[in-house]
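Number of protein chains: 6
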Amino acid sequence: MPIINVAILEGRTLEQKRKLVEEVTKVVCDVLGCGEDAVTITIEELAKENLAKGGKLFLDR
Amino acid sequence: MPIINVAILEGRTLEQKRKLVEEVTKVVCDVLGCGEDAVTITIEELAKENLAKGGKLFLDR
Amino acid sequence: MPIINVAILEGRTLEQKRKLVEEVTKVVCDVLGCGEDAVTITIEELAKENLAKGGKLFLDR
Amino acid sequence: MPIINVAILEGRTLEQKRKLVEEVTKVVCDVLGCGEDAVTITIEELAKENLAKGGKLFLDR
Amino acid sequence: MPIINVAILEGRTLEQKRKLVEEVTKVVCDVLGCGEDAVTITIEELAKENLAKGGKLFLDR
Amino acid sequence: MPIINVAILEGRTLEQKRKLVEEVTKVVCDVLGCGEDAVTITIEELAKENLAKGGKLFLDR
Numbered sequence: 001m002p003i004i005n006v007a008i009l010e011g012r013t014l015e016q017k018r019k020l021v022e023e024v025t026k027v028v029c030d031v032l033g034c035g036e037d038a039v040t041i042t043i044e045e046l047a048k049e050n051l052a053k054g055g056k057l058f059l060d061r
Numbered sequence: 101m102p103i104i105n106v107a108i109l110e111g112r113t114l115e116q117k118r119k120l121v122e123e124v125t126k127v128v129c130d131v132l133g134c135g136e137d138a139v140t141i142t143i144e145e146l147a148k149e150n151l152a153k154g155g156k157l158f159l160d161r
Numbered sequence: 201m202p203i204i205n206v207a208i209l210e211g212r213t214l215e216q217k218r219k220l221v222e223e224v225t226k227v228v229c230d231v232l233g234c235g236e237d238a239v240t241i242t243i244e245e246l247a248k249e250n251l252a253k254g255g256k257l258f259l260d261r
Numbered sequence: 301m302p303i304i305n306v307a308i309l310e311g312r313t314l315e316q317k318r319k320l321v322e323e324v325t326k327v328v329c330d331v332l333g334c335g336e337d338a339v340t341i342t343i344e345e346l347a348k349e350n351l352a353k354g355g356k357l358f359l360d361r
Numbered sequence: 401m402p403i404i405n406v407a408i409l410e411g412r413t414l415e416q417k418r419k420l421v422e423e424v425t426k427v428v429c430d431v432l433g434c435g436e437d438a439v440t441i442t443i444e445e446l447a448k449e450n451l452a453k454g455g456k457l458f459l460d461r
Numbered sequence: 501m502p503i504i505n506v507a508i509l510e511g512r513t514l515e516q517k518r519k520l521v522e523e524v525t526k527v528v529c530d531v532l533g534c535g536e537d538a539v540t541i542t543i544e545e546l547a548k549e550n551l552a553k554g555g556k557l558f559l560d561r
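Top to bottom, those sequences are chains A, B, C, D, E and F.
Position 6 of the first sequence, counted from 1, bears residue number 6 in the numbering used here, the numbering being contiguous throughout.
Position 39 of the second sequence, counted from 1, bears residue number 139 in the numbering used here, the numbering being contiguous throughout.
Position 5 of the third sequence, counted from 1, bears residue number 205 in the numbering used here, the numbering being contiguous throughout.
Position 41 of the fourth sequence, counted from 1, bears residue number 341 in the numbering used here, the numbering being contiguous throughout.
Position 14 of the fifth sequence, counted from 1, bears residue number 414 in the numbering used here, the numbering being contiguous throughout.
Position 48 of the sixth sequence, counted from 1, bears residue number 548 in the numbering used here, the numbering being contiguous throughout.
(1) At a Cβ threshold of 7 Å, is F:T540 touching chain C?
(2) Please report the residue range of the beta strand (DSSP E) in which A:L46 lies.
(3) Pop quiz: F:T542 and C:L246 are said to be a contact at Cβ under 8 Å. What is the actual Cβ separation, rounded to whole angstroms?
(4) In or out: E:L414 buried (at least 16 other Cβ within 10 Å) or exposed?
(5) State whether the segment 528-543 of chain F contacts the segment 301-321 of chain D, with contact taken as three or more CB pairs (one from each stretch) at a distance under 8 Å.
(6) For a cutoff of 7 Å on Cβ pairs, would you count F:L546 as touching chain C?
(7) Between B:D137 and chain D, is any beta-carbon pair separated by less than 7 Å?
(8) I'd like the list of long-range same chain contacts for D:A307, defined as Cβ closer than 7 Å, with 5 residues on each side in sequence excluded.
(9) Nearest-angstrom Cα distance between F:L557 and D:V324?
(10) Terminal residues of the continuous beta strand (DSSP E) containing F:L509?
(11) Rounded to a whole number of angstroms, what is the C-alpha to C-alpha distance between E:R461 and A:D37?
(12) With E:L414 as the anchor, note down where its alpha helix (DSSP H) starts and where it stops.
(13) Is any beta-carbon of chain E found at less than 7 Å from that of A:N5?
(14) For A:E23, which residues in chain D fall below 8 Å Cβ to Cβ?
(15) Kindly indicate which residue of A:T40, A:L9 and A:M1 has the alpha-carbon position closest to the one of B:A152.
(16) Can you grab the Cα-Cα spacing for the pair F:K548 / F:L509, in whole Å?
(17) Mind checking which residues open and close the beta strand (DSSP E) that includes E:V451?
(18) Chain A partners of B:L157, CB-CB under 7 Å?
(19) Keeping to the same chain, check which residues put their C-beta closer than 6 Å to that of D:G355; ignore five residues upstream and five downstream.
(20) Taking 6 Å as the cut-off, is the CB of C:I241 close to at least one heavy atom of the ligand GDP?
(21) Would you mind stating whether B:V127 and C:V227 have Cβ atoms separated by less than 7 Å?
(22) Report the option in D:P302, D:M301 and D:R312 whose CA atom is closest to the CA atom of A:N50.
(23) Tell me, please, whether the CB atom of A:I8 is closer than 7 Å to any CB atom in chain E?
(24) I want to verify the contact list: residues of chain B whose CB lies under 8 Å from the CB of C:L232, in sequence order.
(25) Have a look at the DSSP bridge pairing and note the partners of D:L357.
Here it is, written out as structure tokens:
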């Protein structure tokens, strides 16, 4: 029953998201030995003003 | 001090959200024996292209 | 496909957890009109030294 | 490697977010003794209809 | 800057976790075109009494 | 109503956690102009085998 959340900067294409959930699901099931239907993935898109590293927003980096 | 996050597909009505937080708060307090003011709920709305099961986006299912 | 996370202070009984997931699932499905099998709940137990309100750990309140 | 998520009601200015990540990063590093580059912060903005306390949406309070 | 959280039932071996973070990082970078150092993964282990589906704890299924 | 989650490697002292929640609460309220009682903080402690960067567990770095 893996539940996976992927937080990324916004701006990815639909094709990238499609590929992302397909590939992540595959490797997770390979490693953990679970059926693909057991895997749930949520994608959390962050605006550049809502993600920071080193005390600086990505908007300002 | 329960903090509850409910992730759902976007598209629910305001009335459903109102009902959701009211009812969930009630049963949580019944079971745990806490005051309703102690319960915080966040609703996280997911677009169909940001939720996947079995390696497939809900957009494509 | 609701995914619900309930963060609570540790120390609840197994019976309370059983009741909690049963009741929360029921009301969520009533309000949103989804099948119960679609609901996933995770319980996150917090030690009193890992939860704070007003700048004070629950351990010290 | 602190990873910090700050959930707030939407409507904060860019200047507040800038200040927020700068100041939070500083105090976290002071207390934990880590380099500022090790700190990642995500800001999660909640609409008033997606946050509730005491069984009531902030929209209705 | 992908930040990935993988919630799984407890009981996986260290070798599975090692493999999991290695493989997930690889496919995420392939799809998104980011450097591997940009990927952070947290694993959240859930006891069977802290995960439920369909209103039933995994402990009771 | 800021809700803040701080994920850190396990092994911090109680004194560090006390200081952490006190100081973070203070700067968050300074910047956002909220009362300290409105701030909830959860600390999530990660074992070195449950946190990875660059495809490698912290246990192995």
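The C-beta atom is built at its ideal place from N, Cα and C for all residues, glycine as well.
Computed from a predicted model, the values in this text were never measured in an experiment.
Let me lay it out:
(1) On the sixth sequence, residue 540 of chain F is found 40 positions in, with the first residue counted as 1. Chain C contact via Cβ: present.
(2) Indexing the first sequence from 1 puts residue 46 of chain A at position 46. It spans T40 to L46 - the beta strand (DSSP E) in which A:L46 sits, taken as one unbroken run.
(3) Working through the sixth sequence from its first residue, we reach residue 542 of chain F at position 42. Working through the third sequence from its first residue, we reach residue 246 of chain C at position 46. Yes, F:T542 and C:L246 are in contact; Cβ-Cβ is about 6 Å, under 8 Å.
(4) Position 14 of the fifth sequence, counting from 1, holds the residue named residue 414 of chain E. Classification of E:L414: exposed, given that the 10 Å Cβ count is below 16.
(5) yes
(6) Position 46 of the sixth sequence holds residue 546 of chain F. No, its Cβ sits nowhere closer than 7 Å to a Cβ of chain C.
(7) Within the second sequence, numbered from 1, the residue matching residue 137 of chain B stands at position 37. Judged by the 7 Å Cβ criterion, B:D137 is in contact with chain D.
(8) Your numbering for residue 307 of chain D matches position 7 in the fourth sequence. Closer than 7 Å at the Cβ level, and outside the excluded window around D:A307, lie E344 and L346.
(9) On the sixth sequence, position 57 is the one that residue 557 of chain F refers to. On the fourth sequence, position 24 is the one that residue 324 of chain D refers to. Roughly 26 Å between the two C-alpha positions.
(10) Counting from one through the sixth sequence, the residue named residue 509 of chain F turns up at place 9. I503 to L509 is the extent of the beta strand (DSSP E) around F:L509.
(11) For the purposes of this step, residue 461 of chain E is taken as residue 61 along the fifth sequence, with counting starting at 1. For the purposes of this step, residue 37 of chain A is taken as residue 37 along the first sequence, with counting starting at 1. Each residue's alpha carbon lies about 17 Å from the other.
(12) The sequence position of residue 414 of chain E within the fifth sequence is 14, counting from 1. E:L414 -> alpha helix (DSSP H) spans L414 to L432.
(13) Along the first sequence, read from residue 1 onward, the residue named residue 5 of chain A stands at position 5. Chain E contact via Cβ: present.
(14) Position 23 of the first sequence holds residue 23 of chain A. None at all; the shortest Cβ gap to chain D is about 23 Å.
(15) Working through the second sequence from its first residue, we reach residue 152 of chain B at position 52. That would be A:T40, whose Cα lies nearest to the Cα of B:A152.
(16) Taking the sixth sequence and counting its residues from 1, one reaches residue 548 of chain F at position 48. Taking the sixth sequence and counting its residues from 1, one reaches residue 509 of chain F at position 9. Those two C-alpha atoms are separated by around 7 Å.
(17) For this step, residue 451 of chain E is matched to residue 51 along the fifth sequence. First, the amino acid is wrong: residue 451 of chain E is Leu here, not Val. Residues L451 to K453.
(18) The residue labelled residue 157 of chain B in the question sits at position 57 within the second sequence. Result: K17, R18 and V21.
(19) Here the question's residue 355 of chain D lines up with position 55 in the fourth sequence. There are no such residues.
(20) The ligand GDP is not among the ligands present in this structure, which contains no ligands whatsoever.
(21) Within the second sequence, residue 127 of chain B is the residue found at index 27, counting from 1. Within the third sequence, residue 227 of chain C is the residue found at index 27, counting from 1. Cβ distance < 7 Å, so B:V127 and C:V227 count as in contact.
(22) Within the first sequence, residue 50 of chain A is the residue found at index 50, counting from 1. If we check each option's Cα against that of A:N50, D:R312 comes out closest.
(23) For this step, residue 8 of chain A is matched to residue 8 along the first sequence. True, the Cβ-Cβ gap to chain E drops below 7 Å.
(24) Walking along the third sequence from the start, residue 232 of chain C turns up at place 32. What C:L232 touches in chain B: I108, R112, Q116 and L120.
(25) Translated into the one-based positions of the fourth sequence, residue 357 of chain D becomes position 57. Beta-bridge pairing links D:L357 to D:A352.
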